[in-house]
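Participant:
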Amino acid sequence: MSVAAELNQDNALPTIEGEIPGIAWVNGEFCPLSEAKVSLLDWGFLRGDCTYDVICVYKGAFFRLEDHLDRFLASLDKLQLQMPFDRHGLTEVMVECVRRPGLRDAFVKLVCTRGLQPPTFSRNPRDALNQMFVYSVPYTFFMTDEQRERGMHIHVASTPRIPPECIDPTIKNYNRLDFVSGIFEAHDAGADQVILPDQHGNITEGLGFNVFVIKDGRATSPGEGVLEGVTRKSVLELCEEIGIPAGLGTVSIDDLLYADEAFLCTGAGGVVGITEVNGHVIANGMPRETTRRLDALYWAKHEDSAWITSIDYGS
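One gets this note's numbering by counting positions in the sequence shown from 1 and adding 1 to each.
1) Just to confirm my understanding: we take residue 282, look at its own chain, exclude 5 residues before and 5 after, and list those with CB closer than 8 Å. What are they?
2) When the Cα atoms are used, what is the spatial distance from residue 173 to residue 123?
3) Per the contact definition of three or more C-beta pairs closer than 8 Å, is the segment 218-238 in contact with the segment 176-194?
4) Within this structure, are the beta carbons of residue 94 and residue 26 separated by less than 9 Å?
5) Check for me: the alpha helix (DSSP H) holding residue 277 runs from which residue to which?
6) Among 273, 176 and 38, whose alpha-carbon lies nearest the alpha-carbon of residue 265?
7) Could you have a look at residue 211 and say whether DSSP puts it in helix, strand or coil?
8) State whether the segment 124-142 contacts the segment 168-184, with contact taken as three or more CB pairs (one from each stretch) at a distance under 8 Å.
9) Report back the beta-carbon spacing between residue 144 and residue 270 to the nearest angstrom; my notes put them in contact at under 8 Å.
10) Could you tell me the distance, in whole angstroms, from the CA atom of residue 254 to the CA atom of residue 185?
11) Once you ignore the five residues that flank residue 219 on each side, which residues in its own chain have a CB closer than 6 Å to its CB?
12) Is it buried or exposed, residue 152, if we count other Cβ atoms within 10 angstroms and call 16 or more buried?
13) As a quick exercise: from 310, 130, 106 and 260, pick the residue whose alpha carbon is nearest that of residue 216.
14) Let me check understanding here. Comparing Cα to Cα, which of 75, 35 and 101 lies closest to residue 312?
15) What does a CB cutoff of less than 6 Å around residue 314 pick up in its chain, not counting 5 residues either side in sequence?
16) If we ignore side chains and look at the alpha-carbon of each, how far apart do residue 243 and residue 44 end up?
17) Mind checking whether residue 207 and residue 232 have CB atoms under 9 Å apart?
18) Secondary structure at residue 179, three-state DSSP: helix, strand or coil?
19) Grab me the residues of residue 31's own chain with a C-beta within less than 6 Å of its C-beta, minus the 5 sequence neighbours each way, in chain order.
20) Does the distance from the CB of residue 52 to the CB of residue 80 come in under 9 Å?
21) Given this structure, state the Cα-to-Cα distance separating residue 149 from residue 85, to the nearest angstrom.
22) Return helix, strand or coil for residue 247, following the three-state DSSP convention.
23) Using alpha carbons as the reference points, say which of 67, 203 and 301 lies closest to residue 251.
24) Using beta-carbon positions only, say whether residue 262 and residue 221 come within less than 9 Å of one another.
25) So residue 157 packs on residue 106, CB below 8 Å; how close in whole Å?
See the structure below:
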């Protein structure tokens, strides 16, 4: 059984009437997900003034925990946000969020918001009381088994990505209206997912994934205007490990359309082939050898002690 099939079988989500397994830490206390609340007056809700990160738990271990914590703490610094504990304290809360519900394959999500608007109605963000949320949900792939097998059909939208001069994309954030517009466009075109171009017409990223193209044996991923993905970092290291030249650079839409091979990479699915872009077939319409090889290596690293942090679930 494939990794995708195994995870999707083990973590089938309940119907809308049920509750998703998991737990949340809010304002210093643990509670069921259904009871976790964000105030209507929180500037994270009102203004999108917040940052977050998502860490994968696979077979009872965090994957690349320190890399995710490094990115999350860097985002906090860039936004001048503060959480109520240090790095070790945050890790302890994360462990509890999977230990208590017994989740062995999960996402642990960290969210820090600007917090409640001061009673003086000050507009100075320094006057707000920052809020921290940590919660767990079962691991799920964002693509279907069929899409993984045949490759993703992608639409490069007419809507450009928010320029990095406006919002720093290295800060993982919820300012997603550009993607919302692009996803409507992609679905109207019959595609599975969307990639947004930048102001110059080069590709940037998708919603929750980075992109790679392979041409003449070299793998390239957009280096500007995108999130510094932990999965992207993993793929670059795997390419080096198996001798594939790889790096960051400018990737035009034509580079994607006429690539020898293309794939997306995400913590919510691994390395998945891109086989159609705006109706144009890539790589004979099926994921090719390098993509499948990198995906297999990526999942193998989830059981490599150098890449994981095991969780103590107790007795």
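Idealized CB from N, CA, C, for every residue including glycine.
Facilitator: Here's the rundown:
1) Your numbering for residue 282 matches position 281 in the sequence shown. Same-chain partners within the cutoff: 276.
2) In the sequence shown, the residue the question calls residue 173 occupies position 172. In the sequence shown, the residue the question calls residue 123 occupies position 122. Straight-line Cα distance between these residues: approximately 26 Å.
3) no
4) As a position in the sequence shown, residue 94 is number 93, starting the count at 1. As a position in the sequence shown, residue 26 is number 25, starting the count at 1. Yes; because the gap between Cβ atoms is below 9 Å, this pair is in contact.
5) Counting from one through the sequence shown, the residue named residue 277 turns up at place 276. Element bounds for residue 277: not the alpha helix (DSSP H) but the beta strand (DSSP E), 271-278.
6) In the sequence shown, residue 265 corresponds to position 264, counting from 1. The shortest C-alpha separation from residue 265 is found at 273.
7) Residue mapping note: residue 211 aligns to position 210 of the sequence shown, counting from 1. If DSSP states are grouped into helix, strand and coil, residue 211 belongs with the strands.
8) no
9) Taking the sequence shown and counting its residues from 1, the one referred to as residue 144 is at position 143. Taking the sequence shown and counting its residues from 1, the one referred to as residue 270 is at position 269. Residue 144 to residue 270, Cβ: 6 Å. Contact.
10) Sequence index remark: in the sequence shown, residue 254 carries index 253 (1-based). Sequence index remark: in the sequence shown, residue 185 carries index 184 (1-based). If you take the alpha carbons of residue 254 and residue 185, they lie about 20 Å apart.
11) Here residue 219 corresponds to residue number 218 of the sequence shown, with the count starting at 1. These residues qualify, in order along the chain: 246.
12) The residue given as residue 152 occupies position 151 in the sequence shown. Answer is buried; the Cβ neighbour count reaches 16.
13) Position 215 of the sequence shown, counted from the first residue, corresponds to residue 216. Checked all of 310, 130, 106 and 260; the closest Cα to residue 216 is 260.
14) Against the sequence shown, residue 312 aligns to sequence position 311. Ranked by Cα distance from residue 312, the first of 75, 35 and 101 is 101.
15) Looking up residue 314 in the sequence shown gives position 313. If we look at residue 314 and ignore the five residues flanking it on each side, its Cβ neighbours are 100.
16) In the sequence shown, counting from the first residue as 1, residue 243 sits at position 242. In the sequence shown, counting from the first residue as 1, residue 44 sits at position 43. Each residue's alpha carbon lies about 46 Å from the other.
17) Sequence index remark: in the sequence shown, residue 207 carries index 206 (1-based). Sequence index remark: in the sequence shown, residue 232 carries index 231 (1-based). In this structure, residue 207 sits away from residue 232, with a CB-CB distance that is not shorter than 9 Å.
18) Start at 1 with the first residue of the sequence shown, and residue 179 comes out as number 178. Of the three classes helix, strand and coil, the one that applies to residue 179 here is helix, per DSSP.
19) Residue 31 sits at position 30 when you count from the first residue of the sequence shown. Within the same chain, residue 31 has close Cβ partners 24.
20) The residue given as residue 52 occupies position 51 in the sequence shown. The residue given as residue 80 occupies position 79 in the sequence shown. Yes, these two residues count as a Cβ contact at 9 Å.
21) Translated into positions along the sequence shown, residue 149 becomes position 148. Translated into positions along the sequence shown, residue 85 becomes position 84. Cα to Cα, residue 149 sits roughly 40 Å from residue 85.
22) Here the question's residue 247 lines up with position 246 in the sequence shown. DSSP places residue 247 in strand when its eight states are reduced to three.
23) The residue labelled residue 251 in the question sits at position 250 within the sequence shown. The residue with the shortest Cα to Cα distance from residue 251 is 203.
24) The sequence position of residue 262 within the sequence shown is 261, counting from 1. The sequence position of residue 221 within the sequence shown is 220, counting from 1. No.
25) On the sequence shown, residue 157 is found 156 positions in, with the first residue counted as 1. On the sequence shown, residue 106 is found 105 positions in, with the first residue counted as 1. Not confirmed; about 32 Å, so no contact.
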